[in-house]
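Below: the structure, in structure tokens.
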Amino acid sequence: MMVFFAFLVVLGVVGFIFFARQSRREKAIDYLNGYSRSSQPKISNARHQLLDMKSLAGRSFLDRVKNKWFNLLGLLGKNALVKLIVFYAVQLVFAKFFNEYFIQTNYLYIVAITFPICSFFGYQWLNNKRQKEFEETFPVALNMLTSAVSAGESITQAISYVGDVLEGNVADEFRIMGKRLQLGESPEEVFRKSCVRFPYPTFFFFIITIQANMERGGQLKDIIQRLNSLMFNIRAIEKKKYALTSEARTSAKIVGAIPFIFLIMMRFLSPENFEYVMNDPQGRLLLYYMLASEVVGIGIIWGLMKSVR
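With my numbering, letter number 20 in the sequence shown gets 20, and the count goes up by one each step, no holes.
Have a look at this one:
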């Protein structure tokens with residue numbers, strides 16, 4: 001019963017986080033679609049296809065699953081499958097240790113609970129790491145692209161130049177885009193694949209700008225400079241927001257970890273009390289109360305920090 005309750009709690013938390021992220025993604029896409037329709041009411045079919053953010057990101061369930069799988073392999077880098085095997089082997093060892101010393105129930109139940117948890121947080125950690133690298137490198141790539149365009153290079157040559165000079169995941173993506181454009185692949189298909197690997201609103205806006213310039217012309221240099229300035233302002237605001245909420249986030253992590261640290265200490269320092277909390281029907285009420293209060297408290301703090309502007 002306790003394992004089933006814990007599984008429901010974990011499933012609910014993961015589902016809430018997933019649907020919250022999907023809701024923010026839907027709002028961002030709807031905003032870009034609305035902005036494009038209000039700003040450019042008379043556009044060609046190709047331009048309209050580009051501005052359809054659903055076609056850029058791939059909106060069917062199978063498309064999202066396939067995109068996330070290939071993104072995961074890209075995030076892991078070389079020997080991705082070997083790293084995945086090692087990761088899940090460590091997860092199985094941890095589940096066995098956790099079950100023997102704390103839960104003492106069916107091992108398969110613990111594996112069924114820890115597998116989605118480790119997968120979710122591992123993927124989130126890799127994705128956040130890549131997004132942080134993107135936010136640090138992309139403004140540099142925009143500056144280099146602006147310089148190349150100002151020097152008289154075409155857009156395709158400027159993209160290839162950024163990929164050859166810069167380093168990192170952003171440079172690799174620019175290099176791939178440049179090679180595919182030079183080989184004659186359609187810009188819509190090239191940019192659609194790039195948006196799958198970098199599903200960030202800033203990159204979407206950059207792709208829209210590049211595609212519009214390739215199709216209809218325009219002052220690409222001024223637009224990229226404005227985009228770069230906007231990115232720097234956004235990063236400054238984000239840093240200020242994190243600075244204002246740093247104490248609250250640290251306090252939430254400490255308060256959230258204290259009950260679990262106390263349980264671990266009680267397992268070795270006071271086994272009889274640990275057995276009472278984990279196995280006795282009345283003691284489990286304390287455990288359920290702790291888990292429920294932790295979930296509610298962390299959820300409230302998370303919502304308050306997300307509301308900071």
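For glycine and all other residues, C-beta sits at the position ideal for the given N, C-alpha and C.
C-beta contact flag for residue i and residue j at 8 Å
i, j, result
"L142", "L227", "yes"
"R249", "Y101", "no"
"G297", "R197", "no"
"V194", "R175", "Reading off the sequence shown, one finds Ser at residue 194, where the question assumed Val. In this structure, R175 does not lie closer than 8 Å to S194 by Cβ."
"F138", "V170", "yes"
"V277", "L286", "yes"
"N99", "I110", "yes"
"G178", "G163", "yes"
"K66", "L76", "no"
Limits of the alpha helix (DSSP H) - the one that residue i falls within
i, result
"S270", "Per DSSP, S270 belongs to no alpha helix (DSSP H) and is neither H nor E."
"G299", "281 to 306"
Assumed close pair residue i, residue j - CB separation to whole angstroms, cut-off 8 Å
i, j, result
"I301", "A252", "5 Å"
"T156", "L181", "5 Å"
"V149", "K221", "5 Å"
"T114", "A89", "Not really, about 13 Å apart at Cβ, beyond 8 Å."
"Q131", "Y200", "7 Å"
"P259", "E294", "6 Å"
"I207", "F191", "5 Å"
"E135", "R235", "6 Å"
Can you check the region 58 to 122 for any alpha helix (DSSP H) of at least 4 residues that lies completely inside it and give the ranges in chain order? 61 to 76, 80 to 98
Please give me, in chain order, every unbroken run of the alpha helix (DSSP H) with length at least 4 that falls completely inside the region 166 to 221. 169 to 182, 187 to 197, 201 to 216
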